[in-house]
Every structure is written in C-alpha cells, then in structure tokens.
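Enquirer:
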Amino acid sequence: MLTLADLRIGEHGEITGFTDEILSLKLLEMGCLPGTEVILTHHAPFGDPIALKVSGYTLTMRREEAATIQIKRK
Amino acid sequence: MANVTRIALIGNPNAGKSSLFNTLTGMNQKTGNFPGVTMDKLTGIWELEPGRNIEILDLPGIYSIYPKSIDEELVINILGNPKHPDYPDMAIVVADASNLKRNLLLFSQVRDLGIPTVLALNMIDVAENQGFVINSLKLARELNVEVAEINAKKGIGVGGLKLAVIKTLKHRYASNDALPLPVADELIDDVQKQFGEADPYRSLLWLMEHDRMKMFDQPQRESFDHLMEKHHFESKKYKSAETVKRYEQISEVVERCVINLNRQWDAEPVKTWTDRLDKVFIHSFWGYVIFLAILFVMFQAVFTWATYPMDLIDGGVAQLNDWLKGILPDSPLTGLLTDGLIAGVGGVLIFVPQIAFLFFFISMLEETGYMSRVMFIMDKMMRRFGLNGKSVVPLISGIACAVPAIMSTRSIGSWKDRLITILVTPLMSCSARLPIYTVLIALVVPEKNTLFGVFNLQGVALFGLYLLGFFMALLSAWVLKKILRAKERSYFIMELPTYKGPRFKHVAISIYNSVRAFIFEAGKIIVAISIVLWVFASYGPGDSMAKIEEQVRLKNPTLTGVDLSNKIASEKLENSYAGHFGKLIEPAIKPLGYDWKIGIALITSFAAREVFVGTMSTIYSLGGEVDNENATIKNRMRAEINPDTGKPMYDAALGFSLLIFYAFAMQCMSTLATTYRETKSWKYPLIQFGYMTTLAYLAAFLVYQILS
Ligand SMILES: Nc1nc2c(ncn2[C@@H]2O[C@H](COP(=O)(O)OP(=O)(O)OP(=O)(O)O)[C@@H](O)[C@H]2O)c(=O)[nH]1
Ligand SMILES: [Mg+2]
Chain A
1 MLTLADLRIG
11 EHGEITGFTD
21 EILSLKLLEM
31 GCLPGTEVIL
41 THHAPFGDPI
51 ALKVSGYTLT
61 MRREEAATIQ
71 IKRK
Chain D
75 MANVTRIALI
85 GNPNAGKSSL
95 FNTLTGMNQK
105 TGNFPGVTMD
115 KLTGIWELEP
125 GRNIEILDLP
135 GIYSIYPKSI
145 DEELVINILG
155 NPKHPDYPDM
165 AIVVADASNL
175 KRNLLLFSQV
185 RDLGIPTVLA
195 LNMIDVAENQ
205 GFVINSLKLA
215 RELNVEVAEI
225 NAKKGIGVGG
235 LKLAVIKTLK
245 HRYASNDALP
255 LPVADELIDD
265 VQKQFGEADP
275 YRSLLWLMEH
285 DRMKMFDQPQ
295 RESFDHLMEK
305 HHFESKKYKS
315 AETVKRYEQI
325 SEVVERCVIN
335 LNRQWDAEPV
345 KTWTDRLDKV
355 FIHSFWGYVI
365 FLAILFVMFQ
375 AVFTWATYPM
385 DLIDGGVAQL
395 NDWLKGILPD
405 SPLTGLLTDG
415 LIAGVGGVLI
425 FVPQIAFLFF
435 FISMLEETGY
445 MSRVMFIMDK
455 MMRRFGLNGK
465 SVVPLISGIA
475 CAVPAIMSTR
485 SIGSWKDRLI
495 TILVTPLMSC
505 SARLPIYTVL
515 IALVVPEKNT
525 LFGVFNLQGV
535 ALFGLYLLGF
545 FMALLSAWVL
555 KKILRAKERS
565 YFIMELPTYK
575 GPRFKHVAIS
585 IYNSVRAFIF
595 EAGKIIVAIS
605 IVLWVFASYG
615 PGDSMAKIEE
625 QVRLKNPTLT
635 GVDLSNKIAS
645 EKLENSYAGH
655 FGKLIEPAIK
665 PLGYDWKIGI
675 ALITSFAARE
685 VFVGTMSTIY
695 SLGGEVDNEN
705 ATIKNRMRAE
715 INPDTGKPMY
725 DAALGFSLLI
735 FYAFAMQCMS
745 TLATTYRETK
755 SWKYPLIQFG
765 YMTTLAYLAA
775 FLVYQILS
C-alpha cells in the first residue's frame, strides 16, 4: 500500500484513507481528507519531518505519521 | 459586574486572535507568527458603542472543539460549560481567510454549540496574495451569519465588526436542534435527563469529552461511560465522520464563495515569497547552517554591540555613587544607599542594553514566522533526546526567561514530551544569567579578536555558554526519556504559517515590556535582598563587631590610613552574620574553588540568581579593599586577592567554575513555582531543583579541579 511517506519531493498524491484511528482525527481536522490532493514540498535535514501542501497551506508531520496516510498517485 | 456582555475570540492557532484583541482593547497581548503563542486566557475591555463597554476574552487557538493539548482543553472547558465564570455571551470566530476551509470547520462547530457567533475574516491580504478572492456577502448568506472582513494586524474593519456584533447580540441565536450526524435519539435524551437541558450538540460534546471537562466529577464521568456503552456509541468514529461531513458541506460553500484566480488563469500557482524563502530556510543542509549563523550573530551582537551603552551606564552609576558618598555624611545609611541599593540596582541597569538586544532577536524570530521553521528542522534531533519539535519554542524563549517558556509547553500534546521539556528548559541560559556571565567572562577571558580576527573572543565564550546550556538540556532530556514512562505516543503535526514582515512597533513594545519587567521584577528582588544582605553583613552576633576595630589596631600596630580602615572593614565583614553564614558553607564549596564571600553570593542567589552581581558589589564594597576611583564591580572583583596564594582571586579556574555553576544551578523560585503550577505536583519542581543543583555542583567541581 502506498503511503504519504513514500512520496518524493515534488510528487503529487491523493489521500485515500488512514491506518491509525487516533491520528486520523487530528489529520482530518487539519484538512487531510480522503480525496484531497497533496504535494510533498520539503523534508527537513535527515529526511524527517516532511512538509506538504494540502488544502492550500503547508502542513508538516513526521514520517511515521505520514506513513499512516494511504494515497494513490496522481 | 454581573451583566457585562462578554465576547470570546475563538479561532485556529495563528489566525490573528491576539492581534484583534490588541486592536479592540488597546492592550499589548503577546502575538507572534507561529501556532501556539497564546497559552492562557486574558480579558480586556472594548468600547462597542459610545458608553457601552464589553469584555473581550482572548484564548489559545484550537483546530476543533475536540482538544488534543492542555491549551486547547482550557478553551473547551469555557465554551462547553455555560456555568463557567468566563462563559461568553457570544463568540467572534477569527478565521484565517487564506486557509478558509480549515477555519470554517471550527466555526461550524462553535455555532452548533449554541453560541451566537460572528465570523471575522482575517488575513484577507494574504489570501489575495495567493490568488483568492472571497465574496463575503455571499458567504454570510450561505452560512447564515454576520461576516466582517478585518485586518487584525493593521486594525482595519473594526467598524464593520462592531455592526456585526451589535446585530448578533440583538437577535439572539435560535437554538439549533440538528446534529451534524444523527445519533440515537435516546442517547441525547439520556444525557439531557442526567445532566440538564442543552443544545443537542453540546450534550454530545459533554458525552465525548467528559474526561477533559472539569465540570464533571468522577461518578458523572462513569455514568457518561455507561451511557456510551449502553447506546454503543463510539466517539472516535463519530468525530471522524463528523469532520468529514462538515468538510464536505464547507467545500461546497467555499466553492460558491471563493474565486480562485490561479485556476481561472489556468496558470501555475503563484510563487509566493514563502515558497521562495522556504527553499533555503528549511533546506536539508542550508537550513541548519542558517539557523546556527543566526544564533551566532545574535550572541555576537549581544556581547559586542551592547558594550558601548553598557560602559556608559556602568561609569554613570559609579560616578553617582562617588558623588553621593562625597556629599552625604559617612554613616551606615549612606553605605546602604550607595554600596547596597545603588550598586545593586546599577548591577541590573547595566544589562539593559544586552537584554534589549536579546529580546529584539527573539521577537524577530517569532514575528517573521522563522520560529516554526526551526521547530520543523529541529524535530528529528529533538525527538532523539525525548523532546519534540515544539520544544524549540520553550527552549528558545528560555533564553529570555524560563517562566513564560515553561508556560508555552502547553501546546505540546504528549504529556511525556511536555514534562521533559518543562524539566530541562531552565538549563537554557536565561537573561538573569547574562549579567553573571558578562562580569565573569570579562574577568577571565581576554578581550581580543579571534577566528580570522572578526569575532570577539568574549562573545565566542558567551555563545559557548549558551550552547553548553542547550546541550546539557538535551542530555538531561535524554536521561529523563529513559527514566519516565510514556502515557501516550508523541506526535508532531503542525502548520507552517506564511512568512510575515515584522511590525517594528510591536517589536519595540515587546522589547520595552520585557526590559521594564526585567528592571522592575529583578529590581524589586535585588532591592529587598540588598537591604537584608546589607544588614546581615553590617551587624554581627553579640558585641563582636564593636571589638573588631580595637583588635585590628592591636594586632597591626604598623597599619595606618586607608590600609587600616580596609583591614577593619574586611574583618568586620568576616565576623558579621553574613560572614558567619558564608563560613558555614565554605567547607562544602571549597572544592569548587569558592571562599566564604562567594558563599554569601551563592546563598542569596538561591532565591533568584539576578542578585549575584548586587551581592558581589555589596560584599566587596563593605569588605573595603578598593579605593573609590572607578569602583565598578568588575574592577572590584579583579582587585580581589586570594589570601592563600597571594594571586588574583578570580583566575581562570575559579571564573569558569563559577560560570558553570551558574549555568546549571536551579536558582529561581519563580521557575520552581511555575513548574509546580504546570505539573500540579511538588514532585517535579523538587526533581528539577535536585538534578540541576547536583549537576551544577559536580560540573563546577570538575572544572575547578581540572583547571587549577
Ligand atoms: N498579513 C496579515 N498578518 C496578520 C493579520 N492579522 C494578524 N497577522 C499576523 O499573524 C500572526 C499571528 O497573529 P496572532 O494575533 O498572534 O494570532 P493568534 O490567533 O493569537 O495565535 P495563537 O495565540 O498562536 O493562537 C502575527 O504575526 C500577526 O502579525 C492580517 O490581517 N494580515
Ligand atoms: Mg494569540
């Protein structure tokens, strides 16, 4: 299963679901909804955390958190 | 005060609530361009109409009414509980227009709670820069709410906001019976039967968040649990489904009310300044380099640029003292005034330029939005040590003062991360340590340029001390991480705000406030302790002090004039109460290289370390030794001779030992009180005091033994 953690800088994806129930509420509230398009824009030194564009703003999260977001490529 | 109308400012973190609060009330609540600036509630007065004052309540930001950290919990405890003393008559939801959907999620929840609401669209300038135009009239119709366009930063749109508020206050809110998603009717009925009538959505909030709401006691919480079980209600599922549903509705509304210029021109999205700057500021390599460079310049500036005004103040205070000593009669009271009070207060005043520079830099980091970038690039490293990217804010503001810094940990969601951050933050060198560092560095580090001749060696030493504090904080965090058990998992999901130009007026006000607080807060303590110390250092047990003059004359028949009075003065100090205290602890601190005089300073410093310099100047001036000319504290300490070796007392070994001691020791009652308040337990302030003081003692011991 492809997750957000697999994207490389500049790549697009579309959120399809979540694998972690506790985190998913926070992520939903931050605008990461199924069907939304995301673009990976940066990663911090040593590749973690990552920054992505979603719902028109920049959101950052750790790689392990990104790995709970399932995506499909666009 | 029963009938004063109260309006709460609600909104996402960083939406501009505190800026609006300042605009409306004329107050100077702290603002900054990163999520999580405001951590506590604050009330101000707004003149809504001529002669009609209402209360405005500024609150921490929340993303939804389901809290994930303590600062968010505070807001829900107010909004969820109509009996709360701060419960508002109405809410202004401040929304960041450049991020409309996410901000409207919260708006729709607050309105469904049954609180009359006005929507204030803020940051319209930012939205327009990104290519979005919002039709706010249409938005108002679609959402059935009064909408006001404002610019909280510049104070534009207050008139429209007033109208919207007045209208909303007049036509009270009609209770909304619909829930975002249906639940079993009996469930709401059951909640209302047991816990009283309320809007259905509010009943649901109670049910789902009862553990975080202080209005319920343990038996009540248990009956909530029973209700959930009885009706097979799963709150996590409900919250997620609700959020998705709300976003669906909001997307449709936004689709109709917002014109996206980017899409119409079918062009690449506008490249904003934020995108360009982030290319370097959060670059995987340059990000670190730039951050270190910024810190380095900051400490160079604090040390070198500030010396000119500092020398002026220093000289001025010394001159004032000489002048006063000249015109006032030579009495104990004159001594208290000049050597005690003025020297002590002068010891604070002289550091005003440095403090101002420090606050200038910190304020710039906060205002521009760079602070969130630092959190982003530091998270990975912080995590290794049991901290969190969000710990960066407390650690950096700990450079100013640990008390607000510890409060700012409230936005850290995980309790373990937060606790560790609280415990290690006081190891960051706060501004009260700056005077001590400055005086001691000047004594033991030669003043010359180094590193290609550009950097001041004393500035480098200062930077080193700050780094040392930082690394010790990391190390202690790492140890604590191994000891403490985690209750929940740590996470780091954070918004990166757009860069914003600093408002120099705001920066200036923030410097002014901090400097004023530094002078008055520190000043009060210093004056109090100076007086006590002076009394203890001028009087001794029984009639021992009276006899000293005689004894000195008898023992040293050859001494005359200045030498004689110096000798008498120092003997007197040694036999005073303070001298006895110092002597009492001398055996314990001897291995660190300290004598009983430094012992006195250590004792007084345990209440608040800012009294160190004042204590030193009182002790050395009461102890005689130096003639009046240019009697600044630095010169007095430099002239001090070690009676055992006959060499200068403040050599490198002692100087560095003292520096290290003050860098690590927990010498601040206010910090301990804050730790107690934030952890709600005496255990943690005690641990904090214990480990830091032990660390200070051992490190200072090592340094002294190695260097001497
Ligand atoms: N460009 C622009 N910037 C604004 C506007 N309103 C506020 N700001 C800036 O946005 C940042 C955040 O403002 P604050 O008032 O601290 O936000 P807050 O909602 O109180 O944030 P928290 O206390 O963290 O929840 C500050 O840097 C403000 O200067 C606006 O209308 N336009
Ligand atoms: Mg605020």
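For the record, the sequence lines run as chains A and D. Just so you know, we're using the numbering used here here: the first sequence kicks off at 1 and counts up by one. Just so you know, we're using the numbering used here here: the second sequence kicks off at 75 and counts up by one. Even for Gly, the Cβ is constructed at its ideal location relative to N, Cα and C. Here the structure is a predicted model, which is why all the values come from computation and not from measurement.
According to DSSP, simplified to helix, strand and coil, what is Gln762(D)?
Expert: Residue numbering aside, residue 762(D) sits at position 688 when the second sequence is read from its first letter. The answer is helix: DSSP assigns Gln762(D) an H, G or I state.
Enquirer: If the criterion is Cβ atoms closer than 8 Å, does the pair Leu279(D) and Met164(D) meet it?
Expert: Within the second sequence, numbered from 1, the residue matching residue 279(D) stands at position 205. Within the second sequence, numbered from 1, the residue matching residue 164(D) stands at position 90. No, the Cβ-Cβ distance between Leu279(D) and Met164(D) is not below 8 Å.
Enquirer: So Asp783(D) is in the beta strand (DSSP E); what residue range does that whole segment cover?
Expert: Past the edges of chain D, shown from 75 to 782, lies residue 783(D), and the structure says nothing about it.
Enquirer: Helix, strand or coil: how does DSSP classify Asp132(D) here?
Expert: Position 58 of the second sequence, counted from the start, is the residue given in the question as residue 132(D). Strand.
Enquirer: Report yes or no: is there a C-beta of chain A within less than 8 Å of the C-beta of Glu703(D)?
Expert: On the second sequence, residue 703(D) is found 629 positions in, with the first residue counted as 1. Note that Glu703(D) scores 49 on pLDDT, short of 50, meaning its location in the model is unreliable; the coordinates nonetheless yield the value given after this. It does not: the Cβ of Glu703(D) has no partner Cβ on chain A nearer than 8 Å.
Enquirer: Roughly how many whole angstroms lie between the Cα atoms of Lys399(D) and Ile603(D)?
Expert: Taking the first residue of the second sequence as 1, we reach residue 399(D) at position 325. Taking the first residue of the second sequence as 1, we reach residue 603(D) at position 529. Taking the straight line from one Cα to the other gives about 22 Å.
Enquirer: Measure the Cβ-Cβ separation of Gly361(D) and Phe355(D) and say whether it is below 8 Å.
Expert: Looking up residue 361(D) in the second sequence gives position 287. Looking up residue 355(D) in the second sequence gives position 281. Closer than 8 Å, so yes.
Enquirer: So what does DSSP say about Met197(D), is it helix, strand or coil?
Expert: Residue mapping note: residue 197(D) aligns to position 123 of the second sequence, counting from 1. In this structure, Met197(D) counts as coil in the three-state DSSP scheme.
Enquirer: On the CB-based measure, 16 or more other CB atoms within 10 Å of its CB, does Ser755(D) come out buried or exposed?
Expert: Taking the second sequence and counting its residues from 1, one reaches residue 755(D) at position 681. By the 10 Å Cβ count, Ser755(D) comes out exposed.
Enquirer: Count the C-beta pairs between the segment 760 to 771 of chain D and the segment 707 to 720 of chain D that are closer than 8 Å, then say yes if the count reaches three, no if not.
Expert: The segment 760 to 771 of chain D vs the segment 707 to 720 of chain D: no contact.
Enquirer: Measuring CB to CB, does Ile166(D) end up less than 8 Å from Leu217(D)?
Expert: Along the second sequence, read from residue 1 onward, the residue named residue 166(D) stands at position 92. Along the second sequence, read from residue 1 onward, the residue named residue 217(D) stands at position 143. Not closer than 8 Å, so no.
Enquirer: Assign Tyr140(D) to one of two classes, buried (16 or more other C-beta atoms within 10 Å of its C-beta) or exposed (fewer than that).
Expert: By 1-based counting over the second sequence, the position of residue 140(D) is 66. So Tyr140(D) counts as buried.
Enquirer: I'd like the span of the alpha helix (DSSP H) that includes Lys646(D), first residue to last.
Expert: On the second sequence, residue 646(D) is found 572 positions in, with the first residue counted as 1. Segment Gly635 to Asn649, the alpha helix (DSSP H) holding Lys646(D).
Enquirer: Near Leu728(D), which residues of its chain fall below 6 Å by C-beta distance, leaving aside the five closest residues on each side in sequence?
Expert: Within the second sequence, residue 728(D) is the residue found at index 654, counting from 1. The residues are Gly667.
Enquirer: Report the partner residues of Arg73(A) according to the DSSP bridge assignment.
Expert: Here residue 73(A) corresponds to residue number 73 of the first sequence, with the count starting at 1. Its beta-bridge partners are Gly13(A).
Enquirer: What is the DSSP secondary structure of Tyr694(D), reduced to helix, strand or coil?
Expert: Within the second sequence, the letter at position 620 stands for residue 694(D). If DSSP states are grouped into helix, strand and coil, Tyr694(D) belongs with the helices.
Enquirer: Touch check for the segment 618 to 625 of chain D and the segment 499 to 517 of chain D: three-plus C-beta pairs under 8 Å?
Expert: No, they do not touch.
Enquirer: How would you list, in chain order, the residues of chain D whose beta-carbon sits under 7 Å from the beta-carbon of Gly56(A)?
Expert: Position 56 of the first sequence, counted from the start, is the residue given in the question as residue 56(A). Simply Asn173.
Enquirer: What separation, rounded to the nearest whole angstrom, lies between the Cα atoms of Glu660(D) and Pro134(D)?
Expert: If you number the second sequence from 1, residue 660(D) lands on position 586. If you number the second sequence from 1, residue 134(D) lands on position 60. So the two alpha carbons sit approximately 49 Å from each other.
Enquirer: Any idea what DSSP makes of Thr768(D), helix, strand or coil?
Expert: Taking the first residue of the second sequence as 1, we reach residue 768(D) at position 694. DSSP places Thr768(D) in helix when its eight states are reduced to three.
Enquirer: For Phe206(D), report the span of its beta strand (DSSP E) as first-last.
Expert: Residue mapping note: residue 206(D) aligns to position 132 of the second sequence, counting from 1. Where Phe206(D) is concerned, the enclosing beta strand (DSSP E) stretches over Phe206 to Ile208.
Enquirer: Counting only C-beta atoms, is Asp491(D) closer than 8 Å to chain A at any point?
Expert: In the second sequence, the residue the question calls residue 491(D) occupies position 417. No, Asp491(D) lies away from the interface with chain A (no Cβ there is under 8 Å from its Cβ).
Enquirer: Can you list, in chain order, the residues of its chain whose CB lies under 7 Å from that of Arg492(D), leaving out five sequence neighbours each side?
Expert: Here the question's residue 492(D) lines up with position 418 in the second sequence. Thr483 and Ile486.
Enquirer: If contact means a Cβ-Cβ distance below 8 Å, which residues of the segment 37 to 55 of chain A contact chain D?
Expert: Result list: Thr41, His42, His43, Ala44, Pro45, Phe46, Gly47, Asp48, Pro49, Ala51 and Ser55.
Enquirer: Grab me the residues of Glu703(D)'s own chain with a C-beta within less than 6 Å of its C-beta, minus the 5 sequence neighbours each way, in chain order.
Expert: Residue mapping note: residue 703(D) aligns to position 629 of the second sequence, counting from 1. A caution first: Glu703(D) carries a pLDDT of 49, below 50, which makes its placement in the model unreliable, though a value can still be read off. None.
Enquirer: How would you label Asp114(D), buried or exposed, when you count the other beta carbons within 10 angstroms and need 16 or more for buried?
Expert: As a working note, residue 114(D) is residue 40 in the second sequence. Under this definition Asp114(D) is an exposed residue.
Enquirer: So Met30(A) contacts chain D; which residues on that side make the cut at Cβ distance below 8 Å?
Expert: Position 30 of the first sequence, counted from the start, is the residue given in the question as residue 30(A). Within chain D, the residues near Met30(A) are Tyr137, Arg176, Ile567 and Glu569.
Enquirer: Residue range of the beta strand (DSSP E) that Asn334(D) falls in?
Expert: Numbered from its first residue, the second sequence carries residue 334(D) at position 260. Residues Val332 to Asn334.
Enquirer: Pick out whichever of Arg176(D), Ala194(D), Ile150(D) and Ala258(D) has its Cα sitting closest to the Cα of His284(D).
Expert: Taking the second sequence and counting its residues from 1, the one referred to as residue 284(D) is at position 210. The shortest Cα separation from His284(D) among Arg176(D), Ala194(D), Ile150(D) and Ala258(D) belongs to Ile150(D).
Enquirer: State the start and end residues of the unbroken beta strand (DSSP E) segment that holds Ala222(D).
Expert: To locate residue 222(D), count along the second sequence from 1; it is residue 148. That run of the beta strand (DSSP E) goes Glu220 to Glu223.
Enquirer: Helix, strand or coil for Phe18(A), going by three-state DSSP, please let me know.
Expert: The residue labelled residue 18(A) in the question sits at position 18 within the first sequence. Correct three-state label for Phe18(A): strand.
Enquirer: Taking 7 Å as the cut-off, is the CB of Arg559(D) close to at least one heavy atom of ligand 1?
Expert: By one-based count along the second sequence, residue 559(D) stands at place 485. Answer for Arg559(D): no, Cβ out of range of ligand 1.
Enquirer: Ile319(D) versus chain A: which residues are under 7 Å apart at the beta carbon?
Expert: Working through the second sequence from its first residue, we reach residue 319(D) at position 245. The amino acid at residue 319(D) is misidentified as Ile; the sequence shows Lys. Neighbours of Lys319(D) on chain A: none; closest Cβ ~11 Å, over 7 Å.
Enquirer: For Pro141(D), is the beta carbon positioned less than 7 Å from some heavy atom of ligand 1?
Expert: On the second sequence, residue 141(D) is found 67 positions in, with the first residue counted as 1. Checking the Cβ of Pro141(D) against ligand 1 gives no.
Enquirer: One question on the structure: do Arg185(D) and Asn86(D) come within less than 8 Å of each other, judged by their Cβ atoms?
Expert: What you label residue 185(D) is simply residue 111 of the second sequence in a count that begins at 1. What you label residue 86(D) is simply residue 12 of the second sequence in a count that begins at 1. No; because the gap between Cβ atoms is not below 8 Å, this pair is not in contact.
Enquirer: At a Cβ threshold of 8 Å, is Lys26(A) touching chain D?
Expert: Locating residue 26(A) in the first sequence gives position 26, where the first residue counts as 1. Taking Cβ atoms only, chain D reaches closer than 8 Å to Lys26(A), which makes this a yes.
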